[in-house]
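Peer 1: I'd like to ask some things about the structure below.
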Amino acid sequence: MHLFVSAPPKLSVSSVVKQLKGTSSLRLFAMHPELKSTYWKRKGERSLWSPSYFVESIGAVNEQAVARYIDNQRTKERERS
Numbered sequence: 001m002h003l004f005v006s007a008p009p010k011l012s013v014s015s016v017v018k019q020l021k022g023t024s025s026l027r028l029f030a031m032h033p034e035l036k037s038t039y040w041k042r043k044g045e046r047s048l049w050s051p052s053y054f055v056e057s058i059g060a061v062n063e064q065a066v067a068r069y070i071d072n073q074r075t076k077e078r079e080r081s
């Protein structure tokens, strides 16, 4: 999964990732309760996401270049399916 996120410098990368993973898993489980049995390891412990993540700043690359890269990745994934 590729996400293009902008966050204020006062927020740590880990806190942004934690918020994204936590909120998305809560919403997914609320919308599809049947998934809980597949993605729960132990009682009360959700395990939809892996604990790892990769982050890279875009530096001198503009937003359009990043958006094109993400779109190209989506196209490549569809071609593999």
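Heads up: the sequence shown is residues 1 to 81, going by the UniProt record's numbering. All C-beta atoms, glycine included, are put in the ideal place defined by N, C-alpha and C.
1. Starting from Val13, trace the alpha helix (DSSP H) both ways and give me its first and last residue.
2. Between the alpha carbons of residue 101 and Leu48, how many angstroms are there, rounded?
3. Counting Cβ pairs, one atom from each stretch, are 3 or more of them under 8 angstroms apart for the stretch 68 to 77 and the stretch 16 to 33?
4. Taking Phe54 as the reference, give the member of Ser37, Glu63, Ser14, Ala67 with the closest Cα.
5. Grab the span of the alpha helix (DSSP H) containing Val66 for me, first residue to last.
6. Got a sec? Which residues, its chain only, sit under 7 angstroms from Val5 by beta carbon, not counting five neighbours each side?
7. Can the beta-carbon of residue 162 be found closer than 8 angstroms to that of Ile70?
Peer 2: The structure says:
1. 13 to 31
2. No answer is possible for residue 101: the residues shown for the chain start at 1 and end at 81.
3. no
4. Ser14
5. 63 to 80
6. Val16
7. Absent from the model: residue 162. The displayed extent of the chain is 1 to 81, so no value can be given.
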